[in-house]
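Engineer: Below is a structure I'd like to ask you about.
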Ligand code: SAM
Ligand code: SF4
């Protein structure tokens with residue numbers, strides 16, 4: 001049996017997935033990405049859907065040990081985007097045929113925040129005549145908040161599990177009772193029950209993470225019947241506890257970054273082979289590690305991009321990791337740049353469409 005035969009096995013074992021993730025030889029990796037791209041084209045098409053990303057506030061009650069906007073990072077200037085500015089950005093995405101937006105922020109659970117987001121969803125639905133799809137990415141919440149936002153018109157929710165390994169999760173978060181893996185998993189189940197299209201994902205190349213952990217992450221997506229995957233390489237932020245540990249251990253060399261990028265692409269490809277009909281995003285973190293990172297993600301089986309439409313004045317304050325791309329650009333520049341990137345891969349942009357994952361309709 002040739003080494004690439006494994007790509008075409010209908011039922012891949014756990015060991016098969018591990019083998020595919022471990023590939024480093026350029027020819028083998030190209031074969032893996034080509035097989036995944038083929039599965040993408042046959043199941044979700046050679047079409048890339050946009051989710052205009054509005055990072056509307058960096059205020060956060062959490063203290064995740066890897067994240068640049070964690071509560072404990074006192075050198076970050078905190079901001080809240082005015083309602084009118086968010087609505088004008090949403091209007092811009094609507095007029096530019098983005099089809100969907102993602103509202104993302106740090107985590108807050110107070111009533112003022114819940115009501116604010118609820119009002120935003122209703123206003124965005126109104127201004128776009130119901131046409132803009134709305135994805136939320138605002139962290140762990142009580143069931144009632146998720147229900148209110150769904151009733152207001154949000155229909156997709158992205159909450160990364162970060163890692164499917166609870167023990168690894170514990171090393172990446174403070175053990176203060178507010179960063180509990182089981183609670184995060186429960187949130188994903190609640191979101192599904194309410195009727196959202198549910199997205200999750202992990203960070204890839206985390207310190208202490210093994211290939212078996214990554215296999216488990218893919219199996220977690222499968223077991224949880226996830227519709228959308230937003231995963232990407234871990235990228236160091238120099239002023240965070242995990243970032244400092246990685247830098248001190250000398251684990252952020254160029255070779256190490258290349259390893260994390262390759263693992264990120266292998267994860268996209270293997271996930272596409274295992275879950276053919278889900279949406280998979282080529283995330284900005286890929287581009288933080290390689291100028292063409294997102295194109296490589298599309299070639300390895302991803303079919304969603306999240307162009308940043310955050311107001312340029314707030315971008316330098318929403319820096320989750322070092323070298324975050326697009327911080328110096330405006331939405332118009334991002335739009336043109338991305339369209340060229342998509343065309344270079346051979347895909348087209350699904351302008352004006354929601355681009356829901358077929359998986360959602362196959363399983364509900
Ligand atoms: N606060 C919400 C939450 O945590 O779900 C949403 C916003 S949070 C900034 C979005 C994602 O950023 C997280 O799920 C995490 O995976 C990612 N992130 C944070 N720090 C990162 C880093 N250093 N490298 C890569 N991704 C990172
Ligand atoms: Fe806050 Fe999300 Fe960053 Fe954690 S990952 S500190 S919840 S913004």
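Numbering (the UniProt record's numbering), first residue to last: 1 to 364.
Built from N, CA and C at the ideal position, the CB exists for glycine as well.
1. Quick check on DSSP: helix, strand or coil for residue 282?
2. Write down the C-beta distance between residue 300 and residue 265 rounded to the nearest angstrom, noting that I regard them as a contact closer than 8 Å.
3. In the structure shown, what three-state DSSP assignment does residue 89 receive?
4. In angstroms with no decimal places, state the Cα-to-Cα distance between residue 17 and residue 278.
5. Assuming residue 214 and residue 204 make a contact with CB atoms under 8 Å, what is their CB distance in whole Å?
6. In this structure, how does DSSP classify residue 209 when only helix, strand and coil are distinguished?
7. Which same chain residues, not among the five before or five after residue 165, have their C-beta less than 6 Å away from its C-beta?
8. Under 7 Å from any heavy atom of the ligand SF4, by CB: list those residues in chain order, please.
9. List, from N- to C-terminal side, the beta strand (DSSP E) runs of 3 residues or more that fit wholly inside the stretch 22-82.
10. From 206, 268, 159, pick the residue whose C-alpha is nearest to that of residue 241; which is it?
11. Report all residues from its chain with a CB closer than 7 Å to the CB of residue 57; omit the five preceding and five following residues, and keep chain order.
12. Report the residue ranges of all beta strand (DSSP E) runs contained in full by the stretch 92-168; include only those spanning at least 3 residues, in chain order.
13. Can you tell me the Cα-Cα spacing of residue 321 and residue 284, whole angstroms?
14. The ligand SAM and residue 159: does any heavy atom of the ligand fall closer than 7 Å to the residue's C-beta?
15. For residue 307, which residues in the same chain have their Cβ closer than 7 Å to its Cβ, ignoring the five residues on either side in sequence?
16. Work out the CA separation of residue 44 and residue 351 for me, nearest whole Å.
17. Is there contact here, the stretch 113-132 with the stretch 157-164, by at least three beta-carbon pairs under 8 Å?
18. Once DSSP output is grouped into helix, strand and coil, what is the label at residue 317?
19. Just to confirm my understanding: we take residue 239, look at its own chain, exclude 5 residues before and 5 after, and list those with CB closer than 8 Å. What are they?
20. Does the beta-carbon of residue 369, which I'm using as the reference point, lie nearer than 7 Å to any heavy atom of the ligand SAM?
21. For the alpha helix (DSSP H) holding residue 271, just list the boundary residues, first then last.
22. By the 10 Å Cβ neighbour count, where 16 or more other Cβ atoms means buried, how is residue 151 classified, buried or exposed?
23. Spell out whether any CB of chain C is found under 8 Å from the CB atom of residue 24.
24. Under the three-state reduction of DSSP, which class applies to residue 204: helix, strand or coil?
25. For residue 356 and residue 197, which I take to be in contact (beta-carbon distance under 8 Å), what is that distance rounded to the nearest angstrom?
26. Taking the DSSP output, what are the residues bridged to residue 305?
27. Return yes when the C-beta of residue 137 is under 7 Å from any heavy atom of the ligand SAM, and no when it is not.
28. Report the three-state DSSP secondary structure of residue 348 (helix, strand or coil).
29. Rounded to the nearest angstrom, what separates residue 354 and residue 291 at their Cα positions?
30. Quick check on DSSP: helix, strand or coil for residue 230?
31. Could you give the first and the last residue of the continuous alpha helix (DSSP H) run that contains residue 293?
32. From 361, 232, 237, pick the residue whose C-alpha is nearest to that of residue 302; which is it?
Structural biologist: Walking through what the data contain:
1. For residue 282, the secondary structure class from DSSP, reduced to helix, strand or coil, is coil.
2. 5 Å
3. helix
4. 18 Å
5. The C-beta separation of residue 214 from residue 204 comes to about 7 Å, placing the pair in contact by the 8 Å criterion.
6. coil
7. 213
8. 60, 62, 63, 64, 67, 69, 70, 71, 106, 107, 139, 320
9. 47-50, 52-57
10. 206
11. 79, 80, 81, 105, 106
12. Entirely contained in the stretch 92-168, the beta strand (DSSP E) runs reaching 3 residues are, in chain order, 100-105, 133-137, 156-158.
13. 11 Å
14. yes
15. 50, 52, 53, 334, 335, 338
16. 15 Å
17. no
18. If DSSP states are grouped into helix, strand and coil, residue 317 belongs with the helices.
19. Beyond the five residues adjoining it in sequence on each side, residue 239 comes within less than 8 Å, by CB distance, of 68, 73, 75 in the same chain, given in chain order.
20. This structure gives no information on residue 369, because the portion of the chain shown stretches from 1 to 364.
21. 254-274
22. A residue is called buried when at least 16 other Cβ atoms come within 10 angstroms of its Cβ; residue 151 does not meet this threshold and is exposed.
23. Absent here is chain C; the protein component of the structure consists of one chain.
24. strand
25. About 6 Å separates the beta carbons of residue 356 and residue 197, which is inside the 8 Å limit, making them a contact pair.
26. 50
27. yes
28. strand
29. 27 Å
30. The answer is coil: DSSP assigns residue 230 none of H, G, I, E or B.
31. 293-299
32. 232
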